[in-house]
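Notes follow once the structure below has been shown.
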Amino acid sequence: MTQHVVAEHFESAEQAFEASKLGLWLFLVTEILLFGGLFVLYIVFRGLYPELFHEASHHLNRTLGALNTVVLICSSFTMALAVSRVQHNDSKKAAGLLLFTFLCGLTFMIVKYCEYTHKIHEGLLPGVHFSFTEMAHPKAPLFFSLYFMMTGLHGLHVLVGMGLIAWVLIRTRRGDFSSQYFTPVELTGIYWHLVDLIWIYLFPLLYLIG
Amino acid sequence: MKKFLRYLEGHETVYITIWGMLLVLTILTVWVSYHNFGIMNIVVAMLVATIKGSLVCLYFMHLKYDNKTNQVVFISAFVFLAIFVGLVGSDVFFRPSVRYPESSGHLAHAAFEDLSQSTPELVKRGQELFKVHCIACHALGHASGKFKSEISSQKIYETIVKGLSDAAMPSFSDLGEKERWALTHYVDSLKK
Amino acid sequence: MLPQASTIAPHIDSLYNFIFWISLISFVGVVAAMVYFIIRYHRSRWDPFKTPYITGHSAMETSVSVGLFILVMVIFAWGWKDYKKIVSPPQNSLEISVLGHQWFWEFEYANGKKLTNELVVPKGRPVKLIMSSADVIHSFFVPNFRLKQDLVPGTYTTLWFQATQTGEHPVFCAEYCGTGHSKMLAKVKVVEPTEYARWEKEEKKEKGLNPAEVGKELFTKKGCNVCHTVTGQALIGPSLLGIFGKNEELADGKKIQVDENYLRESLMQPQAKLVKGFPPVMPTFQGTLTDEEVNAVIAYIKSLK
Amino acid sequence: MEHHGESQGHHKSYLEGGGIGSWLTTLDHKRIGVMYLAATMLFFAVGGIFALLVRLELLKSGPLFSPDVYNKFFTFHGAIMVFMFIIPIIPAALGNFFLPIMIGAKDVAFPRLNLASYYVFIGGALLAFLAIFFGGVDTGWTFYTPYSIRSATSVILVTMGVFVMGFSSIMTGLNFIVTIHKLRAPGMTFHRMPLFLWAIYATAIIQVLATPVIGITTLLLVMERVLGIGFFDPKLGGDPILFQHFFWFYSHPAVYIMILPGMGIVSEVITVFSRKHIFGYKAIAYSSLAIAFISFLVWGHHMFVSGQSAWANFLFSILTMLVAIPTAIKIFNWTATLYKGSIHLQTPMLYALSFIFLFTIGGLTGLFLAALSVDVSLHDTYFVVAHFHYVMMGGTVMGLLAGLHYWWPKMFGRMYPEIWGKISWAFVFLGFNVTFLPQFWLGKMGMPRRYHDYGPEFATWNMVSSVGSWLIGVGFLMMFIYFLWSLKRGEKASSNPWNGKTLEWQLSSPPTTHNFDHVPTITEGPYQYGVLR
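Chains as they are written, first to last, in this note's numbering: chain A, 1 to 210; chain B, 211 to 402; chain C, 403 to 707; chain D, 708 to 1240.
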């Protein structure tokens, strides 16, 4: 159990913890506005070409989307449990839960990989590269540009999240965390929940158009 | 932090219930999407997503037990996003639809048809134009009129429009949009 | 000062002047107060450690804010009133379609007549421009009318005006569009309604130039200027200044005198009688120049003294 | 009234100790501030040279450089000045140095993040400068599509540079918000904070909320050029006006990121040099926050003639008018602070007063552009160029120079030469007005922006404006020389040359690495000048 030393410019561990929590929430604001830009594009183009979205959404695999949603929700659940275990000094169980969360992230990426290859094979590609013949709508590539940009950026954030979880998993195994010091686990957890939160909105908007 | 920890005592049962609710809501929203309720579809989808989102925020992300500043910070992100959506929407969805004068065919045609893709008639039209405008220099075999093999059609188009100041090629900007692309595709076809 | 050449110009100028005078008064007020305080309370006349402890006067602040709020709302309302005029063209407007290109303007009238870099409109009648761009964003700006509107590729934008002064009003491109942004100049020619009616019906016939002038136009249009100069300096081909009647030595050593037949033959089979020292690269104009055009080119060359 | 802070410590000053290595890996906010200052002032010089080249071209009608080269000059002038100088300089250089000291803290909340933001900034800047070797960029600093998609110049490098520098801005903003919230000395309530910190706080909020949107915008622009995704490309069904919404949603709050810190410095300098408590502390503090909030509502006034709907023009015009009120309150309060003071016209005060003078012109000319009908005639003309130079250079740069001269003794322990300070002020102030006042008239006469060449009717005023730009150049050259000269041979500065009351004057000049040996407790506000009658 290595003893964590509080950075000298902070007066107490409490102040350091509060500071990093506020820092993380501010970072989440930037993430929301980053994705917000893409959501604005979605709202504008769906508002202008609603029938395109109805037609194009049928070409997305709804079951795989639902599967991914369940996977991320479970990973959020196990992540929350892992953070709680660390706070109760139970590093062993926490490590197991973190590993499970990591594997959920991995499954999410694999499912994503299948969807992407299927799309590339069918020619449902963004913008200029769109070569799918059956869809009549002249602006069809726009939907798939949106699809690839939104799920691509989200996928990137899942990868970063998996990296963070792996790093926190290694440190938990090394016994760095305890009920006195668990900030990195808490921060990684909140970041991972945000990634899940964004997918909660992406799933209905892209896959479940009536 | 101690205050924070006291909240989290024996909290795992709460997590399980939240997990269950999230799964149920997911099934609900997927089920709704298979039935057509018209505009209600998107309203229900967004409502369910927001409920799921706030559950994740309040319980999993511990926003419920966090101090006021963090809560205000997180909410403000959505306020400014709403401003962005609202004011962009006030422009994009309220633009007047302009009735185009049917009489002038040429201009309407050129402005909207995507001419950058080569078509046989464009190439034929390009050939006629070539004899009129370009033959003077680019008669095959003339020193200064050679075409570089790897030149892209976009570069040909630009050279036609801008000309080449260093190689005594005048700019043909007074040619119409269609004529320029016709010439570009004809020269492009010569290369292959 | 710019002429007020459209019906909306006086309105815009009056709001401009209103804001100008309000700004001048407030600016002079601020600066006068500042200068007065600097002189009156300069360090040399006041002890730095005996200044009064004043922290503010909220009544003054609120009155400044309220007063300013009212003023800016007045300016907004006046601006919005005139803007509504700018964006609502009357029903009976003369519709002209405009297409912006990288670095020139194209105007097309209802009767299919097309003009480049020149817009002819009648005085005293509302004109509605329906505009789009063939490549990038441009902006149709007529300072004398105080009006501008962007031309956006992929959609239409409109601009209407009613000219009140005849004459030529310069048109600028006000949205950056690349190399020729500052060269994209055009003219709005405002003419009397009667003359406009005559001009509108006029058939698209040549402008009745004499052959030499037609020849001059063909000289650039057909690209002769690329290889031949009219300044006496040889390029790829010989200079045509004063060539008519000159004795030239041919590639095969023979000497001939340049006359109409030689010029006509050189236009049809250029390699037949090549002048010494020039590459055999001149293309044939057989089929691209009508007889009338060939005579015009020859007439032009003869006029080069 | 006495702060029992620590005055003359025996420790080393932060400048001494450790070679270049320790500077490049420092976590000390003061060293990072100085490194930021050096980098941004260098970029200012480069941007300034491009400005002189632009004015040289416009000295006389007729081409001096080719249009393409000129387009690259004004694009680099705009991009360098905006993204590499005027946004980072006051928050990252002066803010980094003085924020922790003025709230009585040892350092910013996340020192490692602070150093990371410096290297991300330098990385982004180098990425953008790389474009010079690959044909430059000729789209203007606004990158409007579809031209920025069609242009054959290396737009991707510059946009990626802007994307990376955006992160540096977010890191700085995030760091400052957490520092102000969590590391204030005991007794330092929000209403006892100096107004410079209120301005930095409001700026940090804008940095955190607006910069991500330029991140997604530049990312989308690169995707347009690389993958052809078509959101902003009319040939692929996209809408170029949508790009303008995305761009200006960041870029208008960005102009308030530029001006607010300048306003903060003016509040500090005006009070010290007129020995007067600030007039209306709460009004100025909360008008900074009000400006920060309103700045997110008004971006559409850049697009009145872009094809935007009349309804949006209505909303943006009325909202833009609101921003005049907090701005006017600040100007009114600064002028009122001078009343019954003991005004000492040292160089910092000269620059602060020039800020008020020039910024008032800048602000008032904004009224012309906010009124819809007048903007239709003045948009994209030199009237707009003059307006934003009066606000940015007349505002932020004057504020920066006031702050630089005011804090120079504290940062480097050396006084700048006062006479040379005043002489270079005269050159800069006069040169500025000669350069930009005529441009209002050029704009009124209808000369459009970004013109490589112009007709004879604009010739005289353009020549006057170009001559003015040389005066500015001379002024800044003098400043550059005497500042460097003062580092070695300037007169030694005492710990409180201006008898200021804010915390940084409690420390030695230059301060020690650990700022305060024991954290001071604050008992009253920062502007306790003047005697209670």
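Heads up, the beta-carbon is just placed ideally off N, CA and C, and yes, glycines get one too.
- By DSSP's assignment, C/Lys589 forms a beta bridge with C/Glu520 and C/Pro572.
- For a Cβ distance threshold of 7 Å, residue set Val1012 of chain D lies close to C/Gln551, ordered along the chain.
- Listed along the chain, the chain C residues whose CB falls inside 8 Å of the CB of D/Leu1074 are Ile421, Ile424, Ser425, Val474 and Ile477.
- For A/His58, the closest Cβ of chain D is not nearer than 7 Å.
- At a cut-off of 7 Å, the C-beta of D/Gln1015 has a neighbouring C-beta in chain B.
- Taken through DSSP and simplified to helix, strand or coil, D/Gln1213 comes out as helix.
- Going by C-alpha positions, C/Asn627 is about 16 Å away from C/Leu691.
- Taking a Cβ-Cβ threshold of 9 Å, none of the residues of chain D is close to B/Asp398; the smallest such distance is about 17 Å.
- In the displayed model, A/Val83 falls within a helix according to three-state DSSP.
- Between the alpha carbons of D/Tyr1189 and C/Phe429 lies a gap of roughly 33 Å.
- DSSP, reduced to helix, strand and coil, places D/Met1186 within a helical segment of the structure shown.
- Contact residues of the segment 980-1008 of chain D toward chain B are Phe1003, Leu1004 and Gly1007 (C-beta to C-beta distance below 7 Å).
- Across the set D/Arg891, D/Arg857, D/Met867 and D/Pro1145, the C-alpha of D/Met867 shows the shortest separation from the C-alpha of D/Ile829.
- For C/Gln493, same chain residues with a beta-carbon under 8 Å away, outside a window of 5 residues either side, do not exist.
- According to the DSSP assignment, D/Asn821 belongs to the alpha helix (DSSP H) that extends over Pro818 to Phe840.
- Here the C-alpha atom of A/Leu67 lies approximately 14 Å from the C-alpha atom of B/Leu238.
- For B/Ile345, the nearest beta carbon of chain C is closer than 7 Å to its own beta carbon.
- Of C/Thr568, C/Asp537, C/Gly647 and C/Gly639, the smallest CA-CA separation from C/Phe680 is found for C/Gly639.
- Secondary structure of C/Met684 (DSSP, three-state): coil.
- The beta carbon of A/Ser91 lies closer than 7 Å to those of Thr172, Gly175 and Phe177 in the same chain, with the five residues before and after it left out.
- Per DSSP, the unbroken alpha helix (DSSP H) holding B/Val282 starts and ends at Lys278 to Val302.
- For C/Ile440, the nearest CB of chain D lies under 7 Å from its own CB, placing it at the interface with that chain.
- If you look at C/Lys515, you'll find it isn't in any beta strand (DSSP E); DSSP assigns it neither H nor E.
- With contacts defined as CB atoms closer than 7 Å, C/Thr559 and C/Met533 qualify as a contacting pair.
- In chain order, Phe478, Gly481, Trp482 and Tyr485 make up the part of chain C whose C-beta sits under 9 Å from the C-beta of D/Ser1024.
- Annotation: D/Ser1202 is outside any beta strand (DSSP E) and is labelled neither H nor E by DSSP.
- Using a Cβ-Cβ cut-off of 9 Å, A/Leu48 is close to Val302 and Phe303 of chain B, given in chain order.
- Three or more Cβ pairs closer than 8 Å define a contact, and the segment 1073-1092 of chain D falls short of that threshold against the segment 977-991 of chain D.
- For the segment 250-278 of chain B, the set of residues with a beta-carbon nearer than 8 Å to any beta-carbon of chain A comprises Asn251, Ile252, Ala255, Met256, Val258, Ala259, Lys262, Gly263, Val266, Cys267, Tyr269, Phe270, Met271, His272, Asp276 and Asn277, in chain order.
- From the beta-carbon of C/Met436, the residues of chain D found nearer than 8 Å are Thr1042, Leu1045, Leu1060, Ile1063 and Phe1064.
- The DSSP-derived three-state label of D/Asn1020 is helix.
- Here C/Leu652 is bridged, per DSSP, to C/Val677.
- Nearest CB-CB separation between D/Phe897 and chain A: not below the 7 Å threshold.
- With respect to the 7 Å criterion, C/Leu643 and C/Leu561 are not classified as neighbours on the basis of their beta carbons.
- Using beta-carbon distances, C/Thr633 does not count as an interface residue toward chain B, since no partner is under 7 Å.
- For D/Lys889, the uninterrupted alpha helix (DSSP H) segment begins and ends at Val862 to Lys889.
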